[in-house]
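**Q**
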Ligand code: PMP
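In full-length UniProt numbering, the protein residues as written are 1 to 361.
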């Protein structure tokens, strides 16, 4: 084939020079860089997925249920029982990972001439999806300790009047979650739609923003994923909880039949085993506390975390490579002097801590 370069293609001008999302996928013994659950699904779950797939495979010549009604009812039951706020399948929408949910939200409520605001540092895909949907991105700084200054945030919201405001809680990559009273203030004061990205909610002891939906049904969207606590990153299933009208809005931009019968069946099987999978959350939280204490004991500064990862430092620029040289893959999230480590299984955390000890010297 003729050698064609990206620069030769008639790419949209506003995408030229941009960098795609790219957490390295390297074949390393200890992989603690993408906030996955380190525990593989239990055998009973694997059997259930296999049996469920075998059943739906007989109908692979047919399109899937476009509205994923049964899966959304199952997700609603999980949220009602865990977030202490009753929702139904009509209040839930599901897609291939919460990234696809976020993209649909920006397609429907963002777009050319519209502004989305986020408190940075935060999840790197928010501005990337904004760019893909031609939504102007308004980055707003957090405090130097990465916490969210609500008074300052309110002043900026009044000034910028964004169409969409993103609040990530617990925040990736810094780990803190936003207290419910602060969330309520932000949601009530924001001029447009507010997306609370709760990808790591199960690891936090703070109440979910879901409980605010009653008050703010016209503007609040809570996004969740099965990629983290549910140990289902490979299954690709994210969802939102919002008023049915928000779900109606997303119907205008979603691709028909976006969730395959295989995905729907596998996700429903995984939800049937939620108790077993979510048991890993307590273990990971205990490991997080052990890792935080050990890092602090070595002299590192560790940002308080409510998630399954911690941001820590200080580091010289070559530290990420120093970990990799010791067989430990962690994440350089682009915050000067800091690296982020996902909490793994105890032996992985031990390997990470041993490397940390050598690196700090
Ligand atoms: N939101 C946040 C804050 C995340 O960290 C991630 C994954 N890294 C996602 C959303 C997307 O996850 P997924 O598409 O796997 O659901």
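For glycine and all other residues, C-beta sits at the position ideal for the given N, C-alpha and C.
Relative to the alpha-carbon of residue 74, which residue among 340, 320, 321 and 266 has its alpha-carbon at the smallest distance?
**A** It is 266 whose Cα lies nearest to the Cα of residue 74.
**Q** By DSSP, does residue 386 sit in helix, in strand, or in coil?
**A** Here the chain comprises residues numbered 1 to 361, so residue 386 is not present and cannot be evaluated.
**Q** To which residues of the same chain is residue 125 closer than 8 Å at the C-beta, ignoring the five residues directly before and after it?
**A** So the qualifying residues of the chain are 21, 99 and 102.
**Q** Where residue 250 and residue 299 are concerned, what is the direct C-alpha to C-alpha distance, given to the nearest angstrom?
**A** Rounded to whole angstroms, residue 250 to residue 299 spans 48 Å at the Cα level.
**Q** Looking only at its chain, what residues have a beta carbon closer than 8 Å to the beta carbon of residue 225, apart from the 5 residues adjacent to it on each side?
**A** Correct list, in chain order: 97, 98, 199, 237, 238 and 239.
**Q** Alpha helix (DSSP H) containing residue 128: first to last residue?
**A** Here the alpha helix (DSSP H) through residue 128 covers 125 to 132.
**Q** On the premise that residue 203 lies in contact with residue 306, defined as a C-beta separation below 8 Å, what is that separation, rounded to the nearest angstrom?
**A** The Cβ separation is near 6 Å, so the contact holds.
**Q** Is residue 236 close to the ligand PMP? I mean its beta-carbon at under 8 Å from any heavy atom of the ligand.
**A** Checking every heavy atom of the ligand PMP against the Cβ of residue 236, one is found closer than 8 Å.
**Q** Taking C-alpha atoms, which residue in 308, 76, 190 and 92 lies nearest to residue 166?
**A** Out of 308, 76, 190 and 92, 190 has the C-alpha closest to the C-alpha of residue 166.
**Q** Thinking residue 85 and residue 213 are a contact (beta carbons under 8 Å), I'd like their distance in whole angstroms, please.
**A** Between residue 213 and residue 85 the Cβ distance is about 7 Å, and since that is below 8 Å, they are a contact.
**Q** Taking 8 Å as the limit between beta carbons, can you name the residues of its chain near residue 28, skipping five residues before and five after?
**A** Taken in chain order, the residues that qualify are 324, 327, 328 and 329.
**Q** To which residues of the same chain is residue 78 closer than 7 Å at the C-beta, ignoring the five residues directly before and after it?
**A** Here the set comprises 271 and 274.
**Q** Let me know the secondary structure DSSP gives residue 165 once reduced to three states.
**A** Strand, per DSSP.
**Q** Compute the minimum distance between the beta carbon of residue 78 and the heavy atoms of the ligand PMP, and state whether it is under 8 Å.
**A** No, Cβ of residue 78 sits at least 8 Å from all heavy atoms of the ligand PMP.
**Q** To test your reading of the DSSP string, which unbroken beta strand (DSSP E) runs of 3 or more residues are found completely within the region 271 to 351?
**A** For the region 271 to 351, whole beta strand (DSSP E) runs of length 3 or above, ordered along the chain, are 309 to 313 and 339 to 342.
**Q** Taking the straight line between their C-alpha atoms, what separation do you get for residue 69 and residue 248?
**A** Cα to Cα, the separation comes out at about 14 Å.
**Q** What three-state label does DSSP hand residue 31 in the structure shown?
**A** Residue 31: strand per DSSP, three-state reduction.
**Q** Quick check: the region 86 to 95 against the region 108 to 119, are at least 3 beta-carbon pairs closer than 8 Å?
**A** Segments in contact, no.
**Q** Name the DSSP bridge partner or partners of residue 224?
**A** According to DSSP, which records beta bridges pairwise, residue 224 is partnered with 239.
**Q** Measuring CA to CA, which of 277, 359, 146 and 132 is closest to residue 320?
**A** Cα-wise, what sits closest to residue 320 is 359.
**Q** So which residues put a beta carbon under 6 Å from any heavy atom of the ligand PMP, going in chain order?
**A** That query returns the following residues: 35, 97, 98, 99, 123, 168, 172, 197, 199, 225, 227, 233 and 238.
**Q** Distance, Cα to Cα, residue 302 vs residue 296?
**A** About 7 Å.
**Q** If you follow the alpha helix (DSSP H) that residue 109 is in, where does it begin and where does it stop?
**A** Its alpha helix (DSSP H) spans residues 98 to 109.
**Q** Can the beta-carbon of residue 49 be found closer than 9 Å to that of residue 210?
**A** For residue 49 and residue 210, no; Cβs fall outside 9 Å.
**Q** Tell me the rounded alpha-carbon separation between residue 31 and residue 41.
**A** Taking the straight line joining both Cα atoms gives about 17 Å.
**Q** Need the endpoints of the alpha helix (DSSP H) that residue 48 sits in, please.
**A** That run of the alpha helix (DSSP H) goes 43 to 57.
**Q** Under 9 Å, do residue 339 and residue 361 count as touching if we go by C-beta distance?
**A** Contact flag unset, no.
**Q** Quick check: what's the CA-CA separation for residue 195 versus residue 316?
**A** Cα to Cα, the separation comes out at about 35 Å.
**Q** Just to confirm my understanding: we take residue 335, look at its own chain, exclude 5 residues before and 5 after, and list those with CB closer than 6 Å. What are they?
**A** Within the same chain, residue 335 has close Cβ partners 121.
**Q** Taking the C-alpha atoms as reference points, what is the distance between residue 149 and residue 142?
**A** Those two C-alpha atoms are separated by around 7 Å.
**Q** Below 9 Å between beta carbons: does that hold for residue 345 and residue 287?
**A** Cβ distance < 9 Å, so residue 345 and residue 287 count as in contact.
**Q** For a test of the three-state rule: what should DSSP assign to residue 120, helix, strand or coil?
**A** In the structure shown, residue 120 sits in a strand (DSSP, three-state: E or B).
**Q** Quick one, are the C-beta atoms of residue 304 and residue 176 less than 9 Å apart?
**A** A contact, by the Cβ cut-off of 9 Å.
**Q** Between the C-alpha atoms of residue 83 and residue 208, what's the straight-line distance to the nearest angstrom?
**A** Going from the Cα of residue 83 to the Cα of residue 208 covers about 6 Å.
**Q** Just to confirm, are residue 206 and residue 179 a CB contact at a threshold of 9 Å?
**A** Yes; because the gap between Cβ atoms is below 9 Å, this pair is in contact.
**Q** I need the boundaries of the alpha helix (DSSP H) containing residue 4, first residue and last residue.
**A** Where residue 4 is concerned, there is no enclosing alpha helix (DSSP H), given that its DSSP letter is neither H nor E.
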